[in-house]
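Numbered according to the UniProt record's numbering, the sequence shown terminates at residue 281, and the numbering increases by one at each position without gaps. Data first, discussion second: the structure below is written as structure tokens.
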Amino acid sequence: MSDPVVRAVGLTRVFEDRVAVSALDLTVDRGRVLGVLGPNGSGKSTTVRMLTGLLRPTAGTVDLFGERVTPSSAPRLRARIGVQTEANLYHRLTVAENLRTWGDLHGLSRATTERRLSEVLEILGLADRRDTPVGSLSKGLRQKANIGRALLPEPELLFLDEPTAGLDPASALDVLDHLGKLRAEGDTTIVLCTHQLHGLETLCDDVVMLDRGRVVAAGEVTDLLVTHWPIRDYVIRVGDRALAERAVTYLRASGAAVDDPESADPSLHDLYFRMLAGEES
Ligand SMILES: Nc1ncnc2c1ncn2[C@@H]1O[C@H](COP(=O)(O)OP(=O)(O)OP(=O)(O)O)[C@@H](O)[C@H]1O
């Protein structure tokens, strides 16, 4: 078994008297997508900053690619990862200039940078903004440029903090589609903080749900849904209403409890609110 790409043990961060993250344990294996979920202020960004070596934990350890993150190893390890957070870009430089600078910092050849620049701008629908200064972009377009910066070097480990925040629904879908493709290819390990829960069960392999700095649920998405939401609803799609009503009548006569013939499968969205409310089935 190879080392997990990310392993955190007892990760804790205290700001003055506020515990932002408390005794967090997590591992992310190669090629998997971890969703870090939780309400505002629950400790997601603080967790990512510690995982990426940008913030020193008060206690606990982080290993990336099997190597301990320390002040001396962090810069070298960070060269292997892509991090998308706000405010990563030089506002006076154009989108292309920003991404080229990033390619240089990652030691990409000029030809590779130019190829990736075109690919990434195409993926994000930013090709026509290539020569626009970042400071003149709208908030959503700047967000896309930030994602582009993280994707450019094709990192083996990608940290995304609210990647779809501020994006219009179609752009958000494009970004999520691309992450889905990366997941299917299996070469990229992704840690994704998000409030956008719809569809996450198909994108994330694992989730950690935080509330006030503590883990309220963690594990494989499919296991969590089965464990915490064991009753399955079955949806029967019948294209004819009269036939559907007869089917319901028949099922009820057979002793089945049919509350809502249109009820759907449980979703991570529902599980999230249930876990945060401290409810168990
Ligand atoms: N530099 C800091 N100094 C003091 N407190 C901080 C600092 N950074 C974060 N905090 C506090 O730590 C807690 C967790 O914040 P964090 O930004 O990690 O939450 P989050 O889950 O990412 O929130 P959001 O969804 O709003 O981005 C909050 O109470 C926040 O006020």
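C-beta: ideal position from N, C-alpha, C; glycine also.
If you check the CB distance, Gly10 and Asp29 do not come in under 9 Å. Runs of the alpha helix (DSSP H) lying entirely within the segment 70 to 105 and spanning at least 4 residues, in chain order: 74 to 78 and 95 to 105. With 5 Å as the limit, the residues whose C-beta approaches any heavy atom of ligand 1 more closely are Phe15, Ala20, Asn40, Gly41, Ser42, Gly43, Lys44, Ser45 and Thr46, in sequence along the chain.
Across the structure, Gly278 and Leu268 are spaced so that their CA atoms are roughly 15 Å apart. Burial state of Pro57 is buried, judged by a 10 Å Cβ sphere holding 16 or more other Cβ atoms.
When C-beta atoms of the segment 181 to 197 are compared with those of the segment 154 to 173, three or more pairs fall below 8 Å, so the two segments count as touching. About 7 Å separates the beta carbons of Gly103 and Arg116, which is inside the 8 Å limit, making them a contact pair. In the DSSP annotation of this structure, Phe65 is not part of any alpha helix (DSSP H), being labelled neither H nor E.
As computed with DSSP, Met209 is found in a beta bridge with Leu37 and Ala217. Under the DSSP definition of a beta bridge, Cys193 partners with Val36 and Asp161. Within 10 angstroms of the beta-carbon of Tyr90 lie fewer than 16 other beta-carbons, which makes it exposed. One thing to note: Gly148 has its Cβ within 9 Å of the Cβ of Leu126. In the three-state DSSP reduction, Thr12 falls in the strand class (E or B).
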